[in-house]
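Protein chains: 2
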Amino acid sequence: MIEAQPDAFPRRGGVEVLVAVGANLGDPAAQIDRALAALGAVPGVEVLARSPLHTTRPVGGPSQADFRNGAVKLRTTLPALALLAVFKELERQAGRDFDGVRDGPRPLDLDLLTYGDQRIDARLLSVPHPRMLDRDFVLAPLADLGVTEADLPPAAERPRVVADPEELRATCRAWVQRGGCRVGLVPTMGALHDGHASLIRRAREECDRVVVTVFVNPLQFGAGEDLERYPRPFEADLARCRAEGADLVFAPPVESMYPTGFCSTVDVGGEAEGLEGGERPGHFRGVATVVARLWSLCGPDRAYFGQKDAQQVAVLRRLHADLGLSGELVECAIVREPDGLALSSRNVYLSAEDRAAAVILFHALAAADRAWQRGVRRVADLLGVAGRIVAGEPRGRLDYLECRRAEDLAVLPDVVPDDGSAVRLLLAVRFGEPSTRLLDNAVLGRGELEGGV
Amino acid sequence: MIEAQPDAFPRRGGVEVLVAVGANLGDPAAQIDRALAALGAVPGVEVLARSPLHTTRPVGGPSQADFRNGAVKLRTTLPALALLAVFKELERQAGRDFDGVRDGPRPLDLDLLTYGDQRIDARLLSVPHPRMLDRDFVLAPLADLGVTEADLPPAAERPRVVADPEELRATCRAWVQRGGCRVGLVPTMGALHDGHASLIRRAREECDRVVVTVFVNPLQFGAGEDLERYPRPFEADLARCRAEGADLVFAPPVESMYPTGFCSTVDVGGEAEGLEGGERPGHFRGVATVVARLWSLCGPDRAYFGQKDAQQVAVLRRLHADLGLSGELVECAIVREPDGLALSSRNVYLSAEDRAAAVILFHALAAADRAWQRGVRRVADLLGVAGRIVAGEPRGRLDYLECRRAEDLAVLPDVVPDDGSAVRLLLAVRFGEPSTRLLDNAVLGRGELEGGV
């Protein structure tokens, strides 16, 4: 897919390049003429042909004048990135304000549509232009140059679905190394809900390329756990990734993630002890091993995890620091149902009655939070307040309920010291048979539970 | 250090740029005039001043005519990389042949010396120009423009010495992401010898930037091993890295590699069993953990390891595959003394007598290799031939001597099957007190031991 570097020189003799030109401020025709004359004077650029200008309605943006649009065919021996820089300079010289409104009126617009037969997938430049075939104001002038839709290479499909770890690695490396992109990683087990969507959206805002991994990792399931029945609605997940603007969905079969001969394991000490680590022996070894592998394959600038699995985040923050994994770990807030239930892929297992009862996790946290706000600092008292709420619901069986230091989940003394330490309350409760384990947690006194009922 | 991206636009108003011009073919003055006229016509480029041309002797390359050299001051709003592309196009238009001889005669040479006050450290471009201050043919014309040595920023020192893991990570990431560089990694415990030098040289040939790590890793030493006395001649190591052209030497203190709270471990299964893994419990856990960390911090395109530690290479190849570490692992041939002894940092421990006796490892391998060439395929016979040589030297105490499948060090059947399987003979022998363990190995029948005595 990524076949060319944006800063590479084309072969001897250069390449043919298609360019869209447009303007709707000032004297569009004169500005376009001036720009093309200047472009033709650049060493290594020859203007081969230009279309007449078409008058077209603006697409998107504020109310504004009609555009004059045309297409130009160049031959160039300059790298695509150098050509792009010259375009931007010509736009600037025509008076374009790059801090202005998106899709607003402009005195000059030069867009690189194609660069020979190359595909370039970089931070500053994607060719063939991803939206070119959707735009009549591009296609009509191109037709004047004898270029039809059939002559134009299709843009790459997004998100690209990848099953092969080597392909994930090569694609991400090329984005970073050849394309200068910042890559965001959102590791998931699929069955995506609004919590996952919030991670993908944040990655989309902060990164140039977004990778979502969808893999139900057998290593992190113990005997008798729900590996087999874990939901795997791949088509819905893919649609969700597409809607949120993911660039790549990595959905490997188990035998590609763990091929014959695979025999490495990653263990994290302190943070993996107790809580989930106590209830699910080997669970965090499985998590650390799969995340080390996914993280290394992708090499992200940022990897996004939800706070609902607070101990998992603590384990992975430790893993990230200790192994020196790339970039940074970004922790995102829990997304909740209107009644306060934390979103989880496992919520679908709940019967209607258990679903209604499951709100006790949130209520327990909220009660402890109110106690904290009243000044309660004895751990036993905070646990008592929360525990009574869980105990009052016969459908739920408590696995654990603990207060820990928020930062690294270290065990606290009997009374929380008055040193600014943040305290996290964590609990796990089972419902139904076969049982569904639900987790929830909150840092007390931080307003994390506001807006709930 | 890496402060600017080569493809980034400068701030509004642009930057001042110093350029060296030169030519010694055709009509140098006319070609330079033509190039500067064309340069001035590029949108976003203004020629502010140019020096008179100086006549200078060529530096390096074949016998050739004197150069005419000058300096030019530009103002530009183009990114450095775009300017560089225009330079190259102008050189091409002047008739320069880029496939020609290095440092040969040329009709036009345009070199970017500085780009505002930015430092750019990229694959295609390093500014300030690294060798600018060493070149009279650059400095003299610059003086005509009123630019003295004191005005010029010093080039970055190479190799850069880094102790902080975060700085290693950030520097390597910037080389890859902003600079488009291929990074080579040579992990060592220091006490560098010609074997290490061969790794650095290969990395230098194959990569844009070369990182050498120098760290005596306590995790991989067992109780009673030679952690304390392991040689640490850092100044000599640094000089060696400089001589071989390394760009960065990472030499962290133990407390930066393993800060308080560090608690992750990496284990590799099959390949780490037996041989060294049997003799040194925990050794490969220490190796895998430190290499996972160094590899992740650096994120290399290629990491180089010597074949002398054959089991280590097998373990790390497995680690690389299982964790999906970046790039590829490159295995390099053993470098030997003239008498056949494999180079090792531990050879310095040997007394003169033990040093003389240590050649038995090579002789044992060579004897087994000759037996293999005569058609011997019974493992016991191959081991017998090699073992008799070790047993004949009373100064040496054999730790192990084994034949394994070369590829993954799997145990072989009694007779090596005739299926093209490559067989590696590995041995460890102790000398002296406190004892020095020496390792050696070879794939039989591959000519690996030719040229030895």
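Heads up: the sequence lines are chains A and B, in that order.
Position one of the first sequence corresponds to residue 20 (my numbering), numbered consecutively onward.
Position one of the second sequence corresponds to residue 20 (my numbering), numbered consecutively onward.
Where is the CB? At the ideal position from N, CA and C, for every residue including glycine.
Task: Which of helix, strand or coil DSSP assigns to V472 (chain A) - done: As a working note, residue 472 (chain A) is residue 453 in the first sequence. With a pLDDT of only 47 at V472 (chain A), under 50, the local geometry of the prediction cannot be trusted, and the value read off the model is given with reservation. Three-state DSSP puts V472 (chain A) in coil, outside helix and strand.
Open item on the list: Between which two residues does the alpha helix (DSSP H) holding V58 (chain A) run?
Closed with: Counted from its first residue, the first sequence places residue 58 (chain A) at position 39. Note that residue 58 (chain A) is Leu in the sequence shown, not Val. In this chain, the alpha helix (DSSP H) harbouring L58 (chain A) covers P47 to G59.
Open item on the list: Using the Cβ count rule (16 or more neighbours within 10 Å means buried), how would you classify P184 (chain B)?
Closed with: On the second sequence, residue 184 (chain B) is found 165 positions in, with the first residue counted as 1. Per the 10 Å Cβ criterion, buried.
Task: Contact set for D437 (chain A): own chain, Cβ-Cβ below 8 Å, skip 5 residues either direction - done: Against the first sequence, residue 437 (chain A) aligns to sequence position 418. Taking D437 (chain A) as the centre and dropping the five residues before and after it, the same chain places the C-beta of R396 closer than 8 Å to its C-beta, in chain order.
Open item on the list: Using a Cβ-Cβ cutoff of less than 6 Å, which residues in the same chain neighbour G406 (chain A) once the five nearest sequence positions on both sides are dropped?
Closed with: Along the first sequence, one-based indexing puts residue 406 (chain A) at 387. Spatial neighbours of G406 (chain A) in its own chain (CB-CB distance under 6 Å, excluding positions within 5 residues in sequence) are listed in chain order as L420.
Task: Meets three-Cβ-pair contact criterion under 8 Å: the stretch 448 to 466 of chain A and the stretch 406 to 415 of chain A - done: By the Cβ criterion, the stretch 448 to 466 of chain A is in contact with the stretch 406 to 415 of chain A, since at least three pairs of Cβ atoms, one from each stretch, lie closer than 8 Å.
TODO: From the DSSP output, in three-state form, read off A447 (chain A) for me.
DONE: For this step, residue 447 (chain A) is matched to residue 428 along the first sequence. If DSSP states are grouped into helix, strand and coil, A447 (chain A) belongs with the strands.
Task: Closer than 7 Å to chain B by CB, T284 (chain A) - done: Your numbering for residue 284 (chain A) matches position 265 in the first sequence. It does: the Cβ of T284 (chain A) has a partner Cβ on chain B nearer than 7 Å.
- [ ] Enumerate, from N- to C-terminal direction, the unbroken beta strand (DSSP E) stretches of 3 or more residues contained entirely within the stretch 346 to 407 of chain B.
- [x] Within the stretch 346 to 407 of chain B, the complete beta strand (DSSP E) runs of at least 3 residues are 347 to 351.
Task: chain D within 7 Å of T96 (chain A), Cβ atoms only - done: In the displayed structure, chain D is absent; the protein chains listed are A and B.
- [ ] Measuring only between beta-carbons, confirm whether R312 (chain B) sits less than 7 Å from chain A.
- [x] Position 293 of the second sequence holds residue 312 (chain B). At least one CB of chain A lies nearer than 7 Å to the CB of R312 (chain B).
TODO: Compute the Euclidean distance between the alpha carbons of V38 (chain A) and E108 (chain A), then round it to the nearest angstrom.
DONE: For the purposes of this step, residue 38 (chain A) is identified with residue 19 of the first sequence, where counting begins at 1. For the purposes of this step, residue 108 (chain A) is identified with residue 89 of the first sequence, where counting begins at 1. It is roughly 15 Å from the alpha-carbon of V38 (chain A) to the alpha-carbon of E108 (chain A).
Open item on the list: Can you check which of these residues, A:F106, A:I51 and A:T74, is closest to V36 (chain A) by C-alpha distance?
Closed with: Residue numbering aside, residue 36 (chain A) sits at position 17 when the first sequence is read from its first letter. Out of A:F106, A:I51 and A:T74, A:F106 has the C-alpha closest to the C-alpha of V36 (chain A).
Open item on the list: So if DSSP puts T455 (chain A) in a beta bridge, which residue, or which two residues, is it bridged to?
Closed with: Within the first sequence, numbered from 1, the residue matching residue 455 (chain A) stands at position 436. BP columns for T455 (chain A) point to A:F450.
Open item on the list: Let's test the definition: count the other Cβ atoms within 10 Å of the Cβ of L67 (chain B) and tell me whether it reaches 16, buried, or not, exposed.
Closed with: Taking the second sequence and counting its residues from 1, one reaches residue 67 (chain B) at position 48. The residue in question, L67 (chain B), is exposed, as its Cβ has fewer than 16 Cβ neighbours within 10 Å.
Open item on the list: Strictly under 7 Å for the Cβ-Cβ distance: is A57 (chain B) near chain A by that measure?
Closed with: Translated into the one-based positions of the second sequence, residue 57 (chain B) becomes position 38. Interface criterion met: the Cβ of A57 (chain B) is under 7 Å from a Cβ in chain A.
Task: C422 (chain A) - DSSP class collapsed to helix/strand/coil - done: Here residue 422 (chain A) refers to the residue found at position 403 of the first sequence. DSSP places C422 (chain A) in strand when its eight states are reduced to three.
Open item on the list: Please report the distance separating the alpha-carbon of G280 (chain B) from that of G297 (chain B).
Closed with: Position 261 of the second sequence holds residue 280 (chain B). Position 278 of the second sequence holds residue 297 (chain B). If you draw a straight line from the Cα of G280 (chain B) to the Cα of G297 (chain B), it is about 29 Å long.
TODO: Compile a chain-ordered list of the residues in the stretch 194 to 206 of chain A whose CB is closer than 7 Å to at least one CB of chain B.
DONE: So the close ones are V195, Q196, R197 and G199.
Task: G301 (chain B) versus Q239 (chain B): straight-line alpha-carbon distance, rounded - done: Here residue 301 (chain B) refers to the residue found at position 282 when the second sequence is read from its first residue. Here residue 239 (chain B) refers to the residue found at position 220 when the second sequence is read from its first residue. Their Cα atoms are separated by approximately 7 Å.
Task: CA nearest to the CA of A242 (chain A), picked from A:G305, A:C200 and A:D227 - done: Position 223 of the first sequence holds residue 242 (chain A). Per the C-alpha coordinates, the member of A:G305, A:C200 and A:D227 positioned closest to A242 (chain A) is A:G305.
TODO: Would you identify the three-state DSSP class for T167 (chain B), choosing helix, strand or coil?
DONE: The sequence position of residue 167 (chain B) within the second sequence is 148, counting from 1. Here T167 (chain B) sits in coil by DSSP.
Open item on the list: Give me the residue from B:T95, B:D155 and B:E22 with the minimum Cα distance to G41 (chain B).
Closed with: Here residue 41 (chain B) refers to the residue found at position 22 when the second sequence is read from its first residue. Ranking B:T95, B:D155 and B:E22 by Cα distance to G41 (chain B) puts B:D155 first.
TODO: Look at the alpha carbon of V64 (chain A) and the alpha carbon of A193 (chain A), and state the distance between them as a whole number of angstroms.
DONE: To locate residue 64 (chain A), count along the first sequence from 1; it is residue 45. To locate residue 193 (chain A), count along the first sequence from 1; it is residue 174. Looking at the backbone, the Cα of V64 (chain A) and that of A193 (chain A) are separated by about 28 Å.
Task: Within-7 Å CB hit, E184 (chain B) to chain A - done: Here residue 184 (chain B) corresponds to residue number 165 of the second sequence, with the count starting at 1. According to the sequence displayed, residue 184 (chain B) carries Pro and not Glu. At a cut-off of 7 Å between beta-carbon atoms, P184 (chain B) makes contact with chain A.
Open item on the list: Here's the rule I'm using: 16 or more other beta-carbon atoms within 10 Å means buried, otherwise exposed. How should V120 (chain A) be labelled?
Closed with: Position 101 of the first sequence, counted from the start, is the residue given in the question as residue 120 (chain A). Per the 10 Å Cβ criterion, exposed.
Open item on the list: What does the Cβ neighbour count give for G439 (chain B), buried or exposed, with the cut at 16 atoms within 10 Å?
Closed with: Residue mapping note: residue 439 (chain B) aligns to position 420 of the second sequence, counting from 1. Classification of G439 (chain B): exposed, given that the 10 Å Cβ count is below 16.
Task: S315 (chain B), buried or exposed, once every other Cβ within 10 Å from all chains shown has been counted against 16 - done: In the second sequence, residue 315 (chain B) corresponds to position 296, counting from 1. Burial call: buried.
- [ ] Grab the span of the beta strand (DSSP E) containing L93 (chain B) for me, first residue to last.
- [x] Counted from its first residue, the second sequence places residue 93 (chain B) at position 74. Here the beta strand (DSSP E) through L93 (chain B) covers F86 to T95.
TODO: Specify whether the stretch 424 to 432 of chain A and the stretch 386 to 394 of chain A touch according to this definition: at least 3 beta carbon pairs, one from each stretch, less than 8 Å apart.
DONE: No contact exists between the stretch 424 to 432 of chain A and the stretch 386 to 394 of chain A.
- [ ] Check the Cβ-Cβ distances between A60 (chain B) and every residue of chain A, and say whether any is below 7 Å.
- [x] Taking the first residue of the second sequence as position 1, residue 60 (chain B) is located at position 41. A60 (chain B) counts as touching chain A.
Open item on the list: I need the DSSP call for A27 (chain B), collapsed to helix, strand or coil.
Closed with: Taking the second sequence and counting its residues from 1, one reaches residue 27 (chain B) at position 8. The answer is coil: DSSP assigns A27 (chain B) none of H, G, I, E or B.
Open item on the list: Report the CB separation of M208 (chain A) from Y249 (chain A) in whole angstroms; it is logged as a contact under 8 Å.
Closed with: For this step, residue 208 (chain A) is matched to residue 189 along the first sequence. For this step, residue 249 (chain A) is matched to residue 230 along the first sequence. At roughly 7 Å, the Cβ-Cβ gap stays under 8 Å, so M208 (chain A) and Y249 (chain A) are in contact.
Task: For V309 (chain A), the first and last residue of its enclosing alpha helix (DSSP H) - done: The count along the first sequence starts at 1 and reaches residue 309 (chain A) at position 290. In this chain, the alpha helix (DSSP H) harbouring V309 (chain A) covers H302 to C317.
Task: With 16 other Cβ atoms within 10 Å as the buried cut-off, status of A484 (chain A) - done: One cannot answer for residue 484 (chain A) here, as it falls past the ends of chain A, which runs 20 to 472.
Task: Interface residues of the stretch 266 to 300 of chain B facing chain A [CB-CB below 7 Å] - done: For chain A, the residues of the stretch 266 to 300 of chain B that bring a beta carbon within less than 7 Å of one of its beta carbons are F281, C282, S283, T284, V285, D286, V287, G288 and G289, in chain order.
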